[in-house]
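Some notes on the structure that comes next.
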Amino acid sequence: MPELAEVEYYRKQWTPAIGQRVVGVELHADKRIFRGQDTDALRSGLKGQALQRAEAHGKQMAFVFGDCHWLGLHLGMTGKTRIESADYEPGKHDHLVLRMQSGDQLIFIDPRLFGRVLYAACKSGEPDWWQGLPPGILSDAFTRERMNAFLKRRARSPIKAVLLMQEAFPGVGNWMADEILWRSRICPATRAGDLDQQQTKALYRRLREVCRDALRVIGTDWSRPPDSWLFNHRWKDGGVCPKTGCPLIREPIGGRTTCWSPKWQNSGAPK
DNA sequence: TCCTATGTTGTATG
DNA sequence: ACATACAACATAGG
């Protein structure tokens with residue numbers, strides 16, 4: 000589920016606990032989401048500390064407790080955060096539960112276990128996994144020049160696969176990539192290096208537009224996107240393009256199922 | 001039974 | 001070293 004806007008939504012699920020202290024930590028230490036982590040250190044590190052802030056960058060979240068305890072969460076494919084009241088009984092996929100002094104429980108759920116939990120205590124500064132993150136797509140540092148340079152470096156890969164690369168497009172996932180290419184009228188199979196200037200210009204504009212739209216519609220309260228987006232049509236059997244009324248195509252590109260509108264998104268090799 | 005799933009990563013190959 | 005492609009991870013649901 001989680002891409003840029005969904006991650007922002009899940010970040011906010013824990014913010015009601017800001018200012019509250021952790022009084023207990025329950026976790027399933029043998030689960031894959033804790034791979035490489037010292038869960039005892041996580042337990043003892045967080046206990047007694049108050050949640051200070053909650054941040055998101057792309058698909059990565061960071062929750063800071065006390066003055067030096069960092070909890071990183073990545074939601075993988077099926078991860079979610081929730082907040083529950085004191086009487087809630089954690090279920091089998093609730094792999095991390097922080098019991099707060101208010102009685103609230105901060106829950107991290109992940110049935111498929113593709114997510115990840117990170118913990119670090121840093122006396123000063125940020126953990127390495129929160130440093131040197133690529134510029135957010137809506138930040139000033141995310142320039143057209145920067146994007147174009149990356150497209151050139153990945154010139155022989157389909158643009159769909161390139162948009163999924165987190166080191167350049169943090170937060171973009173499968174549905175956003177399809178939405179962006181559809182709005183840009185670019186065929187997802189086009190090699191990144193074959194895009195002409197008009198196409199890269201459209202791509203840059205629509206990329207930022209989809210990020211803004213998604214954060215506004217999904218990131219705030221998870222509203223249903225309007226039918227004018229590709230979003231509501233792409234997984235439906237017999238779905239049609241809202242622009243042309245023609246049937247949408249679904250086919251794997253770059254290892255992921257991709258949906259596009261063949262007439263609308265120029266299919267041939269450009270130029 | 002088989003196929004799919006809004007993600008990343010390790011490994012093989014060029 | 002760099003770019004590219006793909007299986008593997010673990011579980012649920014259609």
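Position 131 of the first sequence, counting from 1, maps to 130 under numbering that gives the first Met the number 0, and the rest follow consecutively.
Quick reminder that beta carbons are idealized off the backbone N, C-alpha and C, glycines included.
Buried/exposed call for residue i, threshold 16 Cβ in 10 Å
i	result
residue 28	exposed
residue 129	buried
residue 115	buried
residue 79	buried
residue 206	buried
residue 137	exposed
residue 257	buried
residue 17	exposed
residue 166	exposed
residue 243	exposed
residue 10	buried
residue 178	buried
residue 44	buried
residue 215	exposed
residue 172	buried
residue 6	buried
CB contact flag (residue i, residue j, <8 Å)
i	j	result
residue 160	residue 253	yes
residue 184	residue 156	no
residue 118	residue 70	yes
residue 248	residue 259	yes
residue 50	residue 38	no
residue 64	residue 22	no
residue 19	residue 101	yes
residue 24	residue 132	no
Rounded separation between residue i and residue j - CA only
i	j	result
residue 30	residue 4	26 Å
residue 146	residue 153	11 Å
residue 2	residue 170	5 Å
residue 225	residue 217	11 Å
residue 74	residue 109	7 Å
residue 139	residue 219	22 Å
residue 32	residue 121	21 Å
residue 134	residue 186	26 Å
residue 246	residue 35	46 Å
residue 277	residue 164	Residue coverage of the chain in this structure runs from 0 to 270, which leaves residue 277 outside it and unanswerable.
residue 229	residue 141	25 Å
residue 241	residue 162	23 Å
residue 211	residue 204	11 Å
residue 213	residue 182	14 Å
residue 221	residue 90	24 Å
residue 150	residue 46	45 Å
residue 174	residue 126	30 Å
residue 238	residue 231	9 Å
residue 201	residue 92	42 Å
residue 264	residue 227	16 Å
Bridge partner(s) assigned by DSSP for residue i
i	result
residue 71	61, 117
residue 248	259
residue 79	108
residue 98	23, 104
residue 54	61
residue 190	157
residue 49	20
residue 93	108
residue 265	185
residue 239	246
Option nearest residue i by Cα separation, candidates the options
i	options	result
residue 77	51, 0, 94	0
residue 87	106, 187, 208	106
residue 41	112, 94, 68	68
residue 143	121, 232, 168	168
residue 13	62, 36, 177	62
residue 148	123, 122, 196	196
residue 112	6, 263, 94	94
residue 236	250, 223, 194	250
residue 208	222, 99, 176	176
residue 54	199, 8, 92	8
residue 15	82, 255, 60	82
residue 123	66, 91, 48	66
residue 158	126, 127, 198, 132	198
residue 255	188, 202, 52	188
residue 48	59, 99, 261, 60	99
Near the ligand HEM: residue i beta-carbon under 7 Å from a heavy atom
i	result
residue 124	The model on display carries no ligand, and the ligand HEM is accordingly not part of it.
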